[in-house]
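Everything below concerns the one structure shown next.
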Amino acid sequence: MATQSQERADQSQYAEKPGELSRSAWVRVLRRTVREFNEDNLTDWAAALTYYGIVAMFPALIALVSILGLIGTSATKPILDNLGSFAPGPAHEILKNALNGLTQSRGSAGILFAVGLVGALWSASGYIGAFIRASNTIWDVEEGRPIWRILPLRLVVTLVMVILLALSAVAVVVTGPLADKVGKLIGIGGVAVTVWDIAKWPVLILVVSVMFSILYYASPNVRQPSFRWVTPGGVFAV
17 MATQSQERAD
27 QSQYAEKPGE
37 LSRSAWVRVL
47 RRTVREFNED
57 NLTDWAAALT
67 YYGIVAMFPA
77 LIALVSILGL
87 IGTSATKPIL
97 DNLGSFAPGP
107 AHEILKNALN
117 GLTQSRGSAG
127 ILFAVGLVGA
137 LWSASGYIGA
147 FIRASNTIWD
157 VEEGRPIWRI
167 LPLRLVVTLV
177 MVILLALSAV
187 AVVVTGPLAD
197 KVGKLIGIGG
207 VAVTVWDIAK
217 WPVLILVVSV
227 MFSILYYASP
237 NVRQPSFRWV
247 TPGGVFAV
């Protein structure tokens, strides 16, 4: 009996998928997770990542509002109407006032866009750097990669994250009357627009899950067996 239990424990130790874990192995995994969570001070890392995320929001908003200012008020009014449902109250008024000011001075909008874009990339790079350090802490490994490897990796991951975040923002904003206008512009019917209004949320969840999968795969200084587009951890994080 003891031998069979030991064999099951050994098999669970080398399991490659969660479904291969036995019930007793799940109990040990949960206990170890709680212990490692406390030992690695993950609440502090969560606070640090939240800080970097908030810092990255402000230059990104500057770049977004500057783009809207370059487009013009007539084209941006439907966008602001949709943003109002996601950023109601004072946040919507701040965006509206900033946009009105930028549309009256197109030259400053271009300068602010450049400043906001550079600031957003720099802030997002800081977030990726913090995520790399946090993931190394979770894996209990030191950052042994040379700077000529870690710096390009950090920049590439940052660019990929910014692009995916921009696509996610477009998916959220392009809805309702604005989606109808975009549909007419690119030559698709109203049925396709209606389908998009329903399907965009699963697509958005999938995109964000892929973002987490990329971070989980590329950040730690460990050799991963293979890349998976969607992971249980990524879905849980969403």
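So the sequence shown is numbered by the numbering used here: it starts at 17 and just counts up by one.
Glycine included, each C-beta is placed from N, C-alpha and C at the ideal position.
Note that this is a predicted model, so its numbers are computed, not measured.
Burial state of residue i, where buried means 16 or more other Cβ atoms lie within 10 Å
{"i": "Y67", "result": "exposed"}
{"i": "F243", "result": "exposed"}
{"i": "L167", "result": "exposed"}
{"i": "G63", "result": "Just to set this straight, residue 63 is Ala in the shown sequence, not Gly. Classification of A63: exposed, given that the 10 Å Cβ count is below 16."}
{"i": "M177", "result": "buried"}
{"i": "S12", "result": "This structure cannot speak to residue 12, because the chain is shown only from 17 to 254."}
{"i": "R170", "result": "buried"}
{"i": "E23", "result": "Any reading at E23 must be qualified, since the residue scores a pLDDT of 49, below 50, and its modelled position is unreliable; no value is offered."}
{"i": "K173", "result": "Just to set this straight, residue 173 is Val in the shown sequence, not Lys. V173 comes out buried."}
{"i": "A215", "result": "exposed"}
{"i": "A25", "result": "Residue confidence for A25 is low, a pLDDT of 48 falling below 50, so the modelled location carries little weight and cannot support an answer."}
Helix, strand or coil at residue i according to DSSP, with G and I counted as helix
{"i": "D26", "result": "Low local confidence applies: a pLDDT of 48 at D26 is under 50, so the model's placement there is unreliable, with the coordinate-based value given in what follows. Of the three classes helix, strand and coil, the one that applies to D26 here is helix, per DSSP."}
{"i": "S225", "result": "helix"}
{"i": "R51", "result": "helix"}
{"i": "R161", "result": "coil"}
{"i": "P241", "result": "coil"}
{"i": "T19", "result": "In this prediction, T19 has a pLDDT of 49, which is less than 50 and means its spatial position is unreliable; what the coordinates show is noted afterwards. T19: helix per DSSP, three-state reduction."}
{"i": "L37", "result": "coil"}
{"i": "D60", "result": "helix"}
{"i": "S139", "result": "helix"}
{"i": "S235", "result": "coil"}
{"i": "D156", "result": "coil"}
Cβ distance (whole Å) where residue i is taken to contact residue j below 8 angstroms
{"i": "A187", "j": "V219", "result": "6 angstroms"}
{"i": "V45", "j": "L37", "result": "7 angstroms"}
{"i": "L231", "j": "F147", "result": "6 angstroms"}
{"i": "V223", "j": "L183", "result": "6 angstroms"}
{"i": "A76", "j": "G132", "result": "7 angstroms"}
Member of the options whose CA lies at the smallest distance from the CA of residue i
{"i": "S229", "options": "W212, A130 and L180", "result": "L180"}
{"i": "W138", "options": "D156, P241, E158 and V71", "result": "V71"}
{"i": "P236", "options": "E52, A215 and I144", "result": "I144"}
{"i": "D56", "options": "W42, S141 and D156", "result": "D156"}
{"i": "D60", "options": "T153, S40, L175 and I127", "result": "T153"}
{"i": "R239", "options": "W217, G160 and S40", "result": "G160"}
{"i": "G69", "options": "A140, F53 and F252", "result": "A140"}
{"i": "M73", "options": "R47, V134 and W245", "result": "V134"}
{"i": "F252", "options": "R47, Y233, I221 and P241", "result": "I221"}
{"i": "G142", "options": "A234, W245 and L65", "result": "L65"}
{"i": "R165", "options": "A234, N54 and W42", "result": "A234"}
{"i": "A136", "options": "R149, W217 and L175", "result": "L175"}
The ligand ZN heavy atom lying under 7 angstroms from the CB of residue i
{"i": "I214", "result": "Although the ligand ZN was asked about, the structure shown includes no ligands whatsoever."}
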